Ligand code: ABN
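This is the structure:
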């Protein structure tokens, strides 16, 4: 059985016969140069997903695009999340909707807003988007009312929102 030394020796000789020193250095140079520029190449980390923009938004700020028709306190500031009521509250039986433009992809999305009920007002992150909001005669797009009135526990705590679809057109 050939020893490790003789195997390495044979491989080195083969390499020496088929590759010039300059050629080997040039190849290593190309590999190292490629590795050096890799980290600075622009990489699309969104993978084309519209909702990637969701991850970059701060759900506790009123200027988050999906809050365009919000009226009330963000549950994300009140112990819940942008789309889940805080513990100890229950979701209202009635919602309203808004149509909000996502600046990242230029599309309009239908957003559903729902009040969380059963605890006194959270008092934080009070946001008033009111885009396309209408008075009570258009109940489905009316936000300036305590929709917890539909529940057994009528006290208003905060509001959640969910993107339910992309608008036609
Ligand atoms: N729909 C939000 C809200 C709750 C209480 C009072 C006004 C508006």
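Residue numbers (the numbering used here): 778 to 946. Beta carbons: idealized from backbone N, C-alpha and C, even for Gly. Every value quoted in this text rests on a predicted model; they were computed, and no experiment measured them.
**OP:** Classify residue 851 as helix, strand or coil using the three-state DSSP reduction.
**Re:** In the three-state scheme derived from DSSP, where H, G and I count as helix and E and B as strand, residue 851 is classed as strand.
Original post:
Residue range of the beta strand (DSSP E) that residue 878 falls in?
Top reply: It spans 867–879 - the beta strand (DSSP E) in which residue 878 sits, taken as one unbroken run.
Subject >> Straight-line Cα distance separating residue 780 from residue 802 >> reply: Cα-Cα distance, rounded: 29 Å.
Original post:
Relative to the alpha-carbon of residue 937, which residue among 894, 918 and 945 has its alpha-carbon at the smallest distance?
Top reply: Measuring C-alpha to C-alpha distances from residue 937 to each of 894, 918 and 945 identifies 894 as the nearest.
Subject >> Option in 865, 789 and 919 with minimal Cα separation from residue 897 >> reply: Here the closest residue by C-alpha is 865.
Original post:
Between which two residues does the beta strand (DSSP E) carrying residue 889 extend?
Top reply: Where residue 889 is concerned, the enclosing beta strand (DSSP E) stretches over 884–894.
Subject >> For residue 922, the residue or residues it bridges with in DSSP >> reply: For residue 922, which the question treats as bridged, DSSP gives no partner whatsoever.
**OP:** Could you check if residue 785 is buried or exposed, using at least 16 other CB atoms within 10 Å of its CB as the buried criterion?
**Re:** Counting the other Cβ atoms within 10 Å of the Cβ of residue 785 gives fewer than 16, which makes it exposed.
Subject >> Cβ neighbours of residue 892 in the same chain (closer than 6 Å, five flanking residues each side left out) >> reply: If we look at residue 892 and ignore the five residues flanking it on each side, its Cβ neighbours are 869, 924, 925, 933 and 936.
Original post:
In three-state DSSP terms, what is residue 931?
Top reply: Judged by DSSP in its simplified three-state form, residue 931 adopts coil rather than helix or strand.
Subject >> Same chain only: Cβ atoms within 6 Å of residue 827, ignoring 5 sequence neighbours per side >> reply: Because residue 827 carries a pLDDT of 48, less than 50, the predicted location of this residue cannot be relied on, and no value is offered for it.
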